[in-house]
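Note sheet for the following structure.
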Amino acid sequence: MILYNVTINVSPDIEEDFLQWMRETHIPEVMATGIFTEHKFCRLIHQSDDGSTNYAIQYFTESMAKMQEYESKHANALRAKTQERYKDKALAFRTLLEIL
Numbered sequence: 001m002i003l004y005n006v007t008i009n010v011s012p013d014i015e016e017d018f019l020q021w022m023r024e025t026h027i028p029e030v031m032a033t034g035i036f037t038e039h040k041f042c043r044l045i046h047q048s049d050d051g052s053t054n055y056a057i058q059y060f061t062e063s064m065a066k067m068q069e070y071e072s073k074h075a076n077a078l079r080a081k082t083q084e085r086y087k088d089k090a091l092a093f094r095t096l097l098e099i100l
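Just so you know, the UniProt record's numbering puts the end of the sequence shown at 100, numbered straight through with nothing missing.
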């Protein structure tokens, strides 16, 4: 099992819209690819100096082959939508983990 983790630093002025859009649009679109079997949407517990909040979306898939399929067929378009909507007010970094 592979865990694809996307951590996003969200500016306070877009946070409410971001949460709604993630729940109603973006996460459903990612799940509709058929690549991932489940997901979790989390808020990191920490204090930031600039008032921003970090969120992590964890997507679970069966194999690296499935993850590579996501990267080659879906990732660029889905990332572009987020980038276009929020520009530098939602900055993401991604990690892949193997569940042991």
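Glycine included, every Cβ here is placed at the ideal spot set by N, Cα and C.
Owing to the predicted nature of the structure, the values given are computational and were not obtained by experimental measurement.
Inter-residue spacing [alpha-carbon to alpha-carbon] between residue 101 and Phe-93: Because the chain here runs from 1 to 100, residue 101 falls outside it and cannot be looked at.
Where the alpha helix (DSSP H) through Phe-18 begins and ends: Residue numbering aside, residue 18 sits at position 18 when the sequence shown is read from its first letter. Note, Phe-18: alpha helix (DSSP H), 15-21.
7 Å CB neighbourhood of Glu-69 in its chain, flanking five on each side removed: One-based indexing of the sequence shown puts residue 69 at position 69. Cβ within range, chain order: Ile-35.
Length of the line joining the Cα atoms of Asp-17 and Tyr-86: Taking the sequence shown and counting its residues from 1, the one referred to as residue 17 is at position 17. Taking the sequence shown and counting its residues from 1, the one referred to as residue 86 is at position 86. About 10 Å.
Where Thr-33 sits in the DSSP three-state scheme: Locating residue 33 in the sequence shown gives position 33, counting from the first residue. In the structure shown, Thr-33 sits in coil (DSSP, three-state: anything other than H, G, I, E or B).
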